[in-house]
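Line order of the protein sequences matches chains H and P.
By this note's numbering, the letter at position 196 of the first sequence is numbered 196, and the numbering carries on one by one without gaps.
By this note's numbering, the letter at position 7 of the second sequence is numbered 1007, and the numbering carries on one by one without gaps.
See below for the structure under consideration.
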Amino acid sequence: MKIDPTPAYRQPTIFGYRISTRTLRREAFGIFALVALTLIIIGPMMTVFLWAFAERWRQPALLPTEWGLSYWYETLARNDITSAMPMSLGLALTVTALSAIICLPAAYAFARINFPGRQGLLLSFLAVNAFPRFGLYVTIAVVFFRLGLVGTLPGVILIQLVNTLLTMIWIPTSAFQNIDRALEEAALDVGAGRLRVFFQITLPQVFPALAAALLLTFVSTFYEAQGALIIGIPGIRTMAVLMYSYINNQIVVQYGAVISLMLWLPSLVLLSFAQKFLRGNTVSSGFGV
Amino acid sequence: MPTLDLINLRKQFGSVTNPVVAVNDLNINVADGEFLCILGPSGCGKSTALRMVAGFEEPSGGDVQIDQQSIVNMPPNKRPTAMVFQKYTLWPHMKVYDNIAFGLKLRHLPKNQIDQEVQASLELVGLGKYGDRYPAQLSGGEQQRVAIARALVLKPKILLLDEPFSNLDALLRVRLREELRQIQRNLKITAVFVTHDQEEALSLADRIAVMSKGELQQLDKPATIYARPKTLFVADFIGAMNMLDGEVSGGVVKVGNQRLPAPAECVAAPAKIAIRPEDVTVTQTGEGAWHGRITQVSDLGHYRKVFVQSPDLGMLKLYLPKSVEVNDGEMITFKPTRFLIFQGPLPPFEVKL
């Protein structure tokens, strides 16, 4: 009898790659986690995406039965939408810029100066995130009402600034702290003045972290709805606020889906910008990855 | 001619009520073209002293002078010193070329002169073709060479080095040390080198300043430091030493059951006897011979390190030539040929037999 030197045994393949059963068993958890994560992250996004282009989507169809752009035309034709988009963008940019002006010097001080109460003050920024936001906003709204800030742009800017403090102070503070002081001393040593050392040595070191903080701040401000809703109504209507009211007041899912897709756009543009112009892993290194 | 003088230099940290004195009344003069090492255990204040010369620490008292001109009121970026740090400190976002050119650009030199000088300094440290790389693409030894080039390219009056080789592995450390010595000789630059590694100090320095707890213990040539340590600290810190308790009386110092001659100037009082492991000869039993049992023999190439358990003196360390036959567990008899007698804070008496 002829014996086959290589006994035929079926190897499992994934996308054409042969993977031994041992590897498969060892990596089973990892593969499972990857698939689960993909479903959790991509799933809802896909649903929203599909709804935005669905004319008709009834149970139990897996995909929309009729596709079209009619809800886009309808949404884009509305006055409140066309004015809310520039409002949202301008607001997010203003808040991010103001936050940078206020927080970055503060972060530098937190990192470099050991003043009394430093730890306590740093932790206090966490307080904003430790309580239910809604309660905080309502209380602030009472104060703002007396000051005549409710329904005004400055009021909304102020309330959104509060949200940015944690990100804009904590990330840059730790970035400034992580710089080796000897790098700055070496620059002083060869003759650079303090300002030049800051701009040519210190700043480039923290740039990825600062970019990450700015990006996070912009995106979170752009999506911020609670504060803008409570303080801004009725004068100020941002995209995020509109989305809330559309989802709340409309039985038709498509309006909300279209607006959320429109809300994705700026952050998508920003992220791809970051990917392209910041070398390789610098942005992720800013996030501490 | 660049000279450096530290005059009654003092630095204290901490509060007024609870000051921590890092450097106390330090007086060191460095001659033109001299290579001086400041040697001491960690926390002895040697780096603080160097950082006061560079301008990164402000003295609490005293003066730092270059060419007899005080520089203590000068900010670090105006001082004619250049420093090489322990952790390389190359700027990671700049290429090697830009790292070295940084200081030259600040001096507004013409571009082609900068190119020339950067290239020349890279050649000097043997990295002629590395200008286009980023620091992260270099090994530790290469990075430290670039740091040395960066300091030298500015033609400083005084070159300061703060434990520059202590992050490198042993072999590389020795090689870079020799290269540095060669460069320093050729350029005739005045240099101050801080280290905790006595071997490094002994092999590099024209003179060594030994520091302990913020105070200068001794400032001498390496050979003198080794042969005639002025204080017990130096005797113990530099090289290996057998430290024995003794008692001086009437021209004799009693150590265990042994008697050794003492100079007439010694006072009748307890004393520390310091014997270098190599300052012994193996002898026959007889008058004045010390004996003990060999507990450990290590072959160290051209000599042997032998531990001897003496009945009255405890464990002794001897360096013996290979011509002497020694074996674990055997008895050995020997005599000291040279020793030092320390009494209080006075400089020691040297006795040769």
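Note that beta-carbon positions come from the ideal geometry of N, C-alpha and C, so glycine has one too.
Because the structure is a prediction, the values reported are computed rather than measured.
For the stretch 164 to 172 of chain H against the stretch 119 to 133 of chain H, do three or more pairs of beta-carbon atoms, one drawn from each stretch, fall closer than 8 Å, so that the two count as touching? With a cut-off of 8 Å, the stretch 119 to 133 of chain H and the stretch 164 to 172 of chain H count as touching, because enough Cβ pairs lie within range.
On the three-state DSSP scale, how would you describe V289 (chain H)? What you label residue 289 (chain H) is simply residue 289 of the first sequence in a count that begins at 1. At V289 (chain H) the pLDDT is 42, less than 50, meaning the model places this residue with poor confidence and gives no usable figure here.
Within the 9 Å Cβ cut-off, does P204 (chain H) reach chain P? Start at 1 with the first residue of the first sequence, and residue 204 (chain H) comes out as number 204. P204 (chain H) counts as touching chain P.
Go through the stretch 1189 to 1236 of chain P residue by residue and report every complete run of the alpha helix (DSSP H) that reaches 4 residues or more, in order. 1198 to 1204 and 1222 to 1227, all fully within the stretch 1189 to 1236 of chain P.
Under 8 Å between beta-carbons, which chain H residues line up against M1083 (chain P)? List them in chain order, please. Taking the second sequence and counting its residues from 1, one reaches residue 1083 (chain P) at position 83. E185, A186 and D189, listed in chain order.
Is there a C-beta anywhere in chain P that falls below 9 Å from the one on A315 (chain H)? Because chain H in this structure spans residues 1 to 289, residue 315 (chain H) falls outside the shown range and cannot be described.
Identify every residue that forms a DSSP beta bridge with W72 (chain H). Position 72 of the first sequence, counted from the start, is the residue given in the question as residue 72 (chain H). Beta-bridge pairing links W72 (chain H) to no other residue.
Range covered by the beta strand (DSSP E) that runs through R1010 (chain P): Here residue 1010 (chain P) refers to the residue found at position 10 of the second sequence. It spans L1004 to G1014 - the beta strand (DSSP E) in which R1010 (chain P) sits, taken as one unbroken run.
Are the C-beta atoms of R196 (chain H) and some chain P residue less than 9 Å apart? The residue you call residue 196 (chain H) lines up with position 196 of the first sequence. Cβ-Cβ to chain P under 9 Å: yes for R196 (chain H).
Euclidean distance between Cα positions of L1172 (chain P) and D1115 (chain P): Within the second sequence, the letter at position 172 stands for residue 1172 (chain P). Within the second sequence, the letter at position 115 stands for residue 1115 (chain P). Rounded to the nearest whole angstrom, the CA to CA distance from L1172 (chain P) to D1115 (chain P) is 29 Å.
Which of the three DSSP states is assigned to F131 (chain H) in this structure? Stepping through the first sequence from its first residue, residue 131 (chain H) is reached at position 131. In the structure shown, F131 (chain H) sits in coil (DSSP, three-state: anything other than H, G, I, E or B).
Count the other C-beta atoms from every protein chain shown that fall within 10 angstroms of the C-beta of R194 (chain H), then say buried if there are 16 or more, exposed otherwise. In the first sequence, counting from the first residue as 1, residue 194 (chain H) sits at position 194. By the 10 Å Cβ count, R194 (chain H) comes out exposed.
Does DSSP put F1334 (chain P) in a helix, in a strand, or in coil? As a first step, residue 1334 (chain P) must be located in the second sequence, where it is residue number 334. Here DSSP, grouped into helix, strand and coil, assigns F1334 (chain P) to strand.
Any chain P beta carbon closer than 9 Å to A182 (chain H): In the first sequence, residue 182 (chain H) corresponds to position 182, counting from 1. A Cβ of chain P is located within less than 9 Å of the beta carbon of A182 (chain H).
Complete runs of the alpha helix (DSSP H) confined to the stretch 1091 to 1128 of chain P [at least 4 residues]: Listed in chain order, the complete alpha helix (DSSP H) runs (minimum 4 residues) inside the stretch 1091 to 1128 of chain P are 1096 to 1106 and 1111 to 1124.
Nearest to H1108 (chain P) by CA position, among P:E1057, P:V1125, P:L1138 and P:L1154, is which residue? Position 108 of the second sequence, counted from the start, is the residue given in the question as residue 1108 (chain P). If we check each option's Cα against that of H1108 (chain P), P:L1154 comes out closest.
Could you check whether the Cβ of P1348 (chain P) sits closer than 9 Å to any Cβ belonging to chain H? Taking the second sequence and counting its residues from 1, the one referred to as residue 1348 (chain P) is at position 348. For P1348 (chain P), the answer is no, since every Cβ of chain H falls outside 9 Å of its Cβ.
Ignoring anything shorter than 3 residues or poking outside the stretch 54 to 105 of chain H, list the beta strand (DSSP E) runs there in chain order. Counting whole runs of 3 or more residues, the stretch 54 to 105 of chain H contains the beta strand (DSSP E) stretches 54 to 56.
So V142 (chain H) and I231 (chain H) are in contact, right, with Cβ under 8 Å, and what is the actual spacing, rounded? Taking the first sequence and counting its residues from 1, one reaches residue 142 (chain H) at position 142. Taking the first sequence and counting its residues from 1, one reaches residue 231 (chain H) at position 231. For a cut-off of 8 Å, the C-beta gap from V142 (chain H) to I231 (chain H) is around 11 Å, too long to register as a contact.
Sheet register partners of K1155 (chain P) (DSSP bridge): Taking the second sequence and counting its residues from 1, one reaches residue 1155 (chain P) at position 155. DSSP, once it has assigned bridges, lists no residue as partnering K1155 (chain P).
Could you run through the stretch 205 to 226 of chain H and flag, in chain order, every residue whose CB is less than 8 Å away from some CB of chain P? So the list reads Q205, given in the order they occur along the chain.
Taking the alpha-carbon of V1395 (chain P) as reference, which of P:V1324, P:Y1303, P:P1345 and P:A1191 has the nearest alpha-carbon? Nothing about residue 1395 (chain P) can be read from this structure; chain P reaches only from 1001 to 1353.
Pop quiz: I1060 (chain P) and R1010 (chain P) are said to be a contact at Cβ under 8 Å. What is the actual Cβ separation, rounded to whole angstroms? Counting from 1 along the second sequence, the entry for residue 1060 (chain P) is found at position 60. Counting from 1 along the second sequence, the entry for residue 1010 (chain P) is found at position 10. Here the sequence assigns Ser to residue 1060 (chain P), which means Ile is not the residue at that position. Their Cβ separation, rounded to whole angstroms, is 5 Å, which keeps S1060 (chain P) and R1010 (chain P) in contact under 8 Å.
Cβ contact check for the stretch 1184 to 1201 of chain P and the stretch 1306 to 1319 of chain P: 3 or more pairs under 8 Å: Too few Cβ pairs lie closer than 8 Å, so no.
Closest Cα partner of Q1143 (chain P) within the set P:E1278, P:L1176, P:E1330 and P:R1338: Reading the second sequence from its first residue, position 143 is the one you call residue 1143 (chain P). Per the Cα distances, P:L1176.
Tell me where the alpha helix (DSSP H) around Q177 (chain H) begins and ends. In the first sequence, residue 177 (chain H) corresponds to position 177, counting from 1. From DSSP, the alpha helix (DSSP H) with Q177 (chain H) extends over L153 to N178.
Contacts that I113 (chain H) makes with chain P (C-beta to C-beta distance below 9 Å): Residue 113 (chain H) sits at position 113 when you count from the first residue of the first sequence. Here the premise fails: no neighbours, minimum Cβ distance about 17 Å.
Could you tell me which residues DSSP pairs with L1037 (chain P) in its beta bridges? Position 37 of the second sequence, counting from 1, holds the residue named residue 1037 (chain P). Sequence inspection shows Cys at residue 1037 (chain P); the Leu mentioned does not correspond to that position. According to DSSP, which records beta bridges pairwise, C1037 (chain P) is partnered with P:F1193 and P:I1208.
So, for V1125 (chain P): in the same chain, excluding its five sequence neighbours on each side, which residues have a beta-carbon less than 6 Å away from its beta-carbon? Against the second sequence, residue 1125 (chain P) aligns to sequence position 125. Result list for V1125 (chain P): R1145, I1148 and A1149, in chain order.
Pull up the distance between the alpha-carbon of R1207 (chain P) and that of V1084 (chain P), whole angstroms please. Position 207 of the second sequence, counting from 1, holds the residue named residue 1207 (chain P). Position 84 of the second sequence, counting from 1, holds the residue named residue 1084 (chain P). Rounded to whole angstroms, R1207 (chain P) to V1084 (chain P) spans 20 Å at the Cα level.
For the alpha helix (DSSP H) holding P1311 (chain P), just list the boundary residues, first then last. Here residue 1311 (chain P) refers to the residue found at position 311 of the second sequence. Taken as a continuous stretch (DSSP letters only), P1311 (chain P) belongs to no alpha helix (DSSP H), as it is neither H nor E.
What are the complete beta strand (DSSP E) segments, minimum 3 residues, inside the stretch 1043 to 1075 of chain P? Runs of beta strand (DSSP E) with 3 or more residues, each lying fully within the stretch 1043 to 1075 of chain P, are found at 1061 to 1066, listed in chain order.
Under 9 Å by beta carbon: chain P residues contacting A33 (chain H): Position 33 of the first sequence, counted from the first residue, corresponds to residue 33 (chain H). Here the premise fails: no neighbours, minimum Cβ distance about 32 Å.
Cut-off 7 Å between Cβ atoms - residues of its own chain near N281 (chain H), not counting five sequence neighbours on either side: If you number the first sequence from 1, residue 281 (chain H) lands on position 281. Note that N281 (chain H) has pLDDT 48, beneath the 50 cutoff, so the model's placement of it is unreliable and no number is given.
If the cut is a Cβ gap below 7 Å, which residues of chain P does I201 (chain H) touch? Your numbering for residue 201 (chain H) matches position 201 in the first sequence. Under the 7 Å cutoff, chain P gives W1091.
Reducing DSSP to helix, strand and coil, say where S272 (chain H) ends up. Translated into positions along the first sequence, residue 272 (chain H) becomes position 272. Residue state, collapsed to three classes: helix.
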